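Only one structure is covered here, and it is reproduced in the block below.
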Amino acid sequence: MNCKEQHMRYVYLPLDDRPCTYSFPVQLANAAGVGVCVPCDLPGKDYKSAYPYAQAEAFLRAHAGEDACIILAVDQLCYGGLLQSRSMSGTDQAAALARLKLIRELKKQYPAMQVHAFSVIMRASISTLSQSDLVHYNNMTLYCRLAHKARLTGSREDREALEQVTAQLPKELLSHYLSVRRRNHTVNRACVEMAREGFFDSLMLLQEDAQEYGLHRLEQEELLQHAQGCENVYLHNGADEGGVMALLCAVAREKKLRMQAAVCYLRGDEGTFVARYEDRPFCENLKSYLAYAGIDVVPVSEAQQVLCILSPDEMGQKDMTDDVQETDDEDMRRRFAVQMAQLAAQGKHCYLLDLTVANGGLPGILQSTDDVMGLDKLWGYSAWNTSCNALGTIVAQMLSDALSGVRNECFLWERILDDCLYEGVVRARLRRYLTALGEDAMALRDKQGGDLALQKLAGEAMDEIPFLRSMPLDATLSLPWPRVFECRAECRKSV
Numbered sequence: 013m014n015c016k017e018q019h020m021r022y023v024y025l026p027l028d029d030r031p032c033t034y035s036f037p038v039q040l041a042n043a044a045g046v047g048v049c050v051p052c053d054l055p056g057k058d059y060k061s062a063y064p065y066a067q068a069e070a071f072l073r074a075h076a077g078e079d080a081c082i083i084l085a086v087d088q089l090c091y092g093g094l095l096q097s098r099s100m101s102g103t104d105q106a107a108a109l110a111r112l113k114l115i116r117e118l119k120k121q122y123p124a125m126q127v128h129a130f131s132v133i134m135r136a137s138i139s140t141l142s143q144s145d146l147v148h149y150n151n152m153t154l155y156c157r158l159a160h161k162a163r164l165t166g167s168r169e170d171r172e173a174l175e176q177v178t179a180q181l182p183k184e185l186l187s188h189y190l191s192v193r194r195r196n197h198t199v200n201r202a203c204v205e206m207a208r209e210g211f212f213d214s215l216m217l218l219q220e221d222a223q224e225y226g227l228h229r230l231e232q233e234e235l236l237q238h239a240q241g242c243e244n245v246y247l248h249n250g251a252d253e254g255g256v257m258a259l260l261c262a263v264a265r266e267k268k269l270r271m272q273a274a275v276c277y278l279r280g281d282e283g284t285f286v287a288r289y290e291d292r293p294f295c296e297n298l299k300s301y302l303a304y305a306g307i308d309v310v311p312v313s314e315a316q317q318v319l320c321i322l323s324p325d326e327m328g329q330k331d332m333t334d335d336v337q338e339t340d341d342e343d344m345r346r347r348f349a350v351q352m353a354q355l356a357a358q359g360k361h362c363y364l365l366d367l368t369v370a371n372g373g374l375p376g377i378l379q380s381t382d383d384v385m386g387l388d389k390l391w392g393y394s395a396w397n398t399s400c401n402a403l404g405t406i407v408a409q410m411l412s413d414a415l416s417g418v419r420n421e422c423f424l425w426e427r428i429l430d431d432c433l434y435e436g437v438v439r440a441r442l443r444r445y446l447t448a449l450g451e452d453a454m455a456l457r458d459k460q461g462g463d464l465a466l467q468k469l470a471g472e473a474m475d476e477i478p479f480l481r482s483m484p485l486d487a488t489l490s491l492p493w494p495r496v497f498e499c500r501a502e503c504r505k506s507v
């Protein structure tokens, strides 16, 4: 356990043990001077196995108390993890609901204990645990979209399209998927009720990968209707950033931080774009995240911290996995960098949220920023996975930095190495390299070999990118799970 002495004890049951869900929250809380109790026995590389409920229960019982603040991943408590939340294996609806009762029991025993929960609204498809899952993943995504659209329009064209895609899905797979959705939705309804009754001090309902149409929209409507009048319930896109947001926002509330920040769209837009894998305009998600965080948006002239958002260009947000090249020319990138340099020259703390593409950041904007003002003047950077994954992470860092009063250089460079170097450059090369060796990049047989290949390819890529050649910290990259989707970046000061 990692738990320092302090006025309030922070107890965190994470979604799983990936860096984004496990390490980010602890790092940023520690940087703000706060210790966190976390389980040390999560499945790790055996990530397809559920974390036993008995161990989650024992952890929460051991650390509950009047002075405790529990940050609760509902999907971990009820199903054993995020991946496990997409399966009925091991946890039916009755068992999942019974597990939630633990929180009611503990809250009754310790009325002053705080519980800040987050729960995922199931993605609009299935998990992709191997290359062979991709066909069913795409068909299930289409099924969800058409099932909702056909219900809305009633058109013959939509009904026929739905029948066609349904015929391509194995009946057992579709039946299982719909059963999981029903179970998870019932649990989310129960979570809203717990927030209404005061068992949860706050609840984030996080919509994982989705699109404009889908069964999730029907569930959202019902949940929002059920949550009417509950000011402690928030619903927006996201999932993996839930832990870092919930923890840092809880710390900020306890420290009575009421932060002010400015929002600067570098393209001059208003954030009206809908990002890939999300179902609403980005500006709506931003408003919800900032409201949950208790951050007041003020003019740039009144703010110390400025969230600089680089939106997608007029062609819309592409996906890094589509082998995207730089979307802006050098002159355009330089104009964006000059805007941030002017803010930095006024003493502003600039945090760059690069949403140009999904699933990673391109090096161009960071290179231009380094050329114009130097990366030592940048306070934060985020560009990983979906727009809301990146948004939640950088908002949490802004809170952490405001509490500490110090620029978090290690976390900044870890985000650059992970979000830009790995996701934006190395991951595609690593996937091709391992595939040529006969590996399934989504389910590696030889993780150690994957780590060695990652280190080799990352070293080569760093030599190609000028701003990385002069990085002021030592760094190590590795694969946390036996797949190439994410990496673990760890930085430390050079000796």
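According to my numbering, the sequence shown holds residues 13 to 507 in order.
Note that the Cβ used here is the ideal one computed from N, Cα and C, for glycine as well.
If you're wondering where the values come from, they're calculated on a predicted model, not measured in any experiment.
Same chain only: Cβ atoms within 8 Å of residue i, ignoring 5 sequence neighbours per side
i    : result
N244 : A207, F212, D213, S214, L215
D331 : R288, V369, A370, N371
H148 : I138, L181, P182, L185
M327 : T339
Y155 : L174, V177, T178, L181, L186
P234 : In the sequence under discussion, the amino acid at residue 234 is Glu, which differs from the Pro named in the question. Excluding sequence neighbours, E234 sits near H197, R201.
Limits of the unbroken alpha helix (DSSP H) element including residue i
i    : result
L446 : 439 to 448
G461 : 459 to 476
T381 : 375 to 384
C261 : 254 to 266
M410 : 399 to 416
I321 : Careful: I321 lies outside any alpha helix (DSSP H), inside the beta strand (DSSP E) at 317 to 322.
V147 : 146 to 165
T178 : 168 to 179
I594 : Only positions 13 to 507 of the chain appear in the structure, and residue 594 is not among them; the question remains open.
W425 : 421 to 427
E502 : Taken as a continuous stretch (DSSP letters only), E502 belongs to no alpha helix (DSSP H), being part of the beta strand (DSSP E) at 500 to 505.
M206 : 183 to 209
Y91  : 86 to 91
Y304 : 294 to 305
Y65  : 65 to 75
Within 7 Å, strictly: CB atoms of residue i and residue j
i    : j    : result
M257 : I307 : no
C499 : L485 : no
N420 : E253 : no
N297 : H248 : yes
A124 : S412 : no
A353 : V318 : no
A465 : L480 : no
A473 : L429 : no
K459 : P492 : no
G255 : T398 : no
A136 : A222 : yes
R157 : Y225 : yes
D87  : S97  : yes
Neighbourhood of residue i by C-beta, 6 Å cutoff - its chain only, sequence neighbours within 5 removed
i    : result
H128 : I83, D213, S214, A258, A262
A162 : D170, R171, L174
L118 : A76
A305 : C261, V407
E17  : Unreliable placement is indicated for E17, whose pLDDT of 49 sits below 50; the coordinate value is still reported in the next sentence. For E17, where only same-chain residues beyond five positions count, there are no Cβ hits under 6 Å.
M13  : Note that M13 has pLDDT 41, beneath the 50 cutoff, so the model's placement of it is unreliable and the number below is only indicative. Taken in chain order, the residues that qualify are C49.
Cut-off 7 Å between Cβ atoms - residues of its own chain near residue i, not counting five sequence neighbours on either side
i    : result
P375 : C432, G436, V437, I477
Q316 : K360, H361
I197 : First, the amino acid is wrong: residue 197 is His here, not Ile. If we look at H197 and ignore the five residues flanking it on each side, its Cβ neighbours are E231.
Y277 : G283, I321, S323
A159 : L174, L227
V384 : R346, A349, V350, A353
Y189 : I138, M152
T333 : N371
Anticipated Cβ contact below 8 Å, residue i with residue j, distance rounded
i    : j    : result
A251 : V132 : 5 Å
Y434 : L489 : 7 Å
I321 : L367 : 7 Å
R279 : S323 : 5 Å
L403 : Y301 : 6 Å
Q121 : N151 : With 8 Å as the limit, Q121 and N151 do not qualify as a contact, their Cβ atoms being about 47 Å apart.
T405 : S394 : 5 Å
V100 : R195 : Note that residue 100 corresponds to Met in the displayed sequence, not to Val. Yes, they are in contact, since the Cβ atoms of M100 and R195 sit about 7 Å apart, within 8 Å.
L25  : L89  : 6 Å
G461 : V496 : That belief does not hold up - the Cβ atoms of G461 and V496 are roughly 12 Å apart, past 8 Å.
G92  : G102 : 7 Å
V23  : V38  : V23 to V38, Cβ: 12 Å. No contact.
For residue i, the first and last residue of its enclosing beta strand (DSSP E)
i    : result
Q126 : 126 to 133
Q272 : 272 to 277
Okay, do the region 286 to 293 and the region 60 to 73 touch, 3+ Cβ pairs below 8 Å being the bar? By the C-beta criterion, the region 286 to 293 is judged not to be in contact with the region 60 to 73, since fewer than 3 inter-stretch pairs fall below 8 Å.
Looking at C-beta atoms only, is the number of pairs between the region 73 to 90 and the region 437 to 454 that lie closer than 8 Å three or more? Segments in contact, no.
Are three or more beta carbon pairs between the region 52 to 60 and the region 101 to 116 nearer than 8 Å? Contact between the region 52 to 60 and the region 101 to 116 is absent, because fewer than three Cβ pairs lie under 8 Å.
For the pair the region 339 to 348 and the region 374 to 389, tell me if three or more CB-CB distances fall below 8 Å. With a cut-off of 8 Å, the region 374 to 389 and the region 339 to 348 count as touching, because enough Cβ pairs lie within range.
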